[in-house]
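Under our numbering, think of the first position of the sequence shown as 143, with each following residue one higher.
Idealized CB from N, CA, C, for every residue including glycine.
Predicted model, so just to flag it, every value in this text is computed and none were measured.
Only one structure is covered here, and it is reproduced in the block below.
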Amino acid sequence: MKKLISLLLTLALCAISPLSYSLDKGKTTMVKLHTNHGVITIQLNAEKAPQTVANFLEYVNSGFYSNTIFHRVIPNFMIQGGGFDASMKQKATRAPIKNEAANGLKNEKYSIAMARTGDPHSATAQFFINTTNNSFLDYPGQDGWGYCVFGKVIEGKEVVDAIGKVQTGFRGGMQDVPKEDVIITSAEVVK
């Protein structure tokens with residue numbers, strides 16, 4: 143009987159170990175956004191926002207973000223990118239994902255969140271980095287959903303600050319577009 147219990151405990155531990163490893167690994171996954179203003183390193187939180195992180199990583203790993211721009215910069219609010227090239231042509235995306243904003247993460251300064259339309263489940267590839275505390279974007283927000291935070295900037299905060307101060311204007315039918323392109327030259331997962 144003792145051998146059977148010992149065997150069952152061993153099997154249970156073996157079954158749990160890979161899960162624990164993957165959660166730990168997910169918590170520490172980092173992405174570097176290389177921009178023409180410098181490098182921004184983001185720590186992703188797969189434990190709190192698993193679908194959102196998986197979606198973001200698919201775009202990163204496919205090279206989708208290469209040569210996209212931060213197309214919306216509003217001082218003391220946020221910088222938004224990941225959807226347009228320098229000619230203001232919107233890139234085709236995959237299907238939208240479910241909004242995971244009820245995960246407890248907050249739209250604090252230097253957090254990264256998914257951009258979306260008025261439909262709470264419309265996020266695809268575009269993201270924004272908060273340049274101040276934006277608690278009004280937290281779940282439940284003004285629309286009952288909020289905006290899903292899925293990570294935070296851990297290096298390159300000065301790059302975020304510099305981008306947040308660029309001159310903006312009206313271009314491509316949009317306001318708050320940087321007058322000089324702020325380009326994401328590439329994005330990579332940091333091992």
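Inter-residue Cα distance where the pair is residue i and residue j
i       : j       : result
Asp-310 : Met-316 : The sequence given here has Thr at residue 310, not Asp. Taking the straight line joining both Cα atoms gives about 10 angstroms.
Leu-165 : Pro-192 : With a pLDDT of 37 at Leu-165, under the threshold of 50, the modelled position of that residue is not reliable, and the figure given next carries that caveat. Distance between the alpha carbons of Leu-165 and Pro-192: 10 angstroms.
Val-181 : Val-301 : 7 angstroms
Arg-214 : Thr-274 : 15 angstroms
Phe-270 : Asn-276 : 12 angstroms
Ala-188 : Val-202 : 15 angstroms
Gln-284 : Ala-304 : 29 angstroms
Ile-221 : Ala-244 : 22 angstroms
Thr-194 : Arg-236 : 13 angstroms
Val-324 : Asp-318 : 12 angstroms
Glu-330 : His-179 : 16 angstroms
Gly-286 : Phe-219 : 20 angstroms
Phe-226 : Gly-314 : 10 angstroms
Pro-217 : His-176 : 21 angstroms
Lys-334 : Val-173 : The first residue shown for the chain is 143 and the last is 333, placing residue 334 beyond what the model contains.
Thr-266 : Ala-196 : 12 angstroms
Thr-259 : Glu-322 : 25 angstroms
Phe-312 : Lys-231 : 15 angstroms
Whether residue i touches residue j by CB criterion (9 angstroms)
i       : j       : result
Pro-320 : Val-308 : yes
Gly-306 : Gln-268 : no
Asn-241 : Asn-272 : no
Pro-238 : Asp-261 : yes
Ile-184 : Ile-326 : no
Ser-253 : Val-291 : yes
Leu-186 : Thr-210 : no
Where the beta strand (DSSP E) through residue i begins and ends
i       : result
Thr-210 : 210 to 216
Phe-226 : 220 to 227
Leu-186 : 180 to 186
Asn-272 : 269 to 272
Met-256 : 253 to 256
Anticipated Cβ contact below 8 angstroms, residue i with residue j, distance rounded
i       : j       : result
Ala-257 : Leu-279 : At roughly 11 angstroms, the Cβ-Cβ gap does not stay under 8 angstroms, so Ala-257 and Leu-279 are not in contact.
Ser-328 : Ser-208 : 5 angstroms
Lys-233 : Phe-198 : Actually they do not touch by this definition, with Cβ atoms about 15 angstroms apart.
Leu-247 : Lys-299 : 18 angstroms between Cβ atoms; not a contact.
Boundaries of the alpha helix (DSSP H) in which residue i is found, first to last residue
i       : result
Ile-305 : 299 to 305
Phe-198 : 192 to 203
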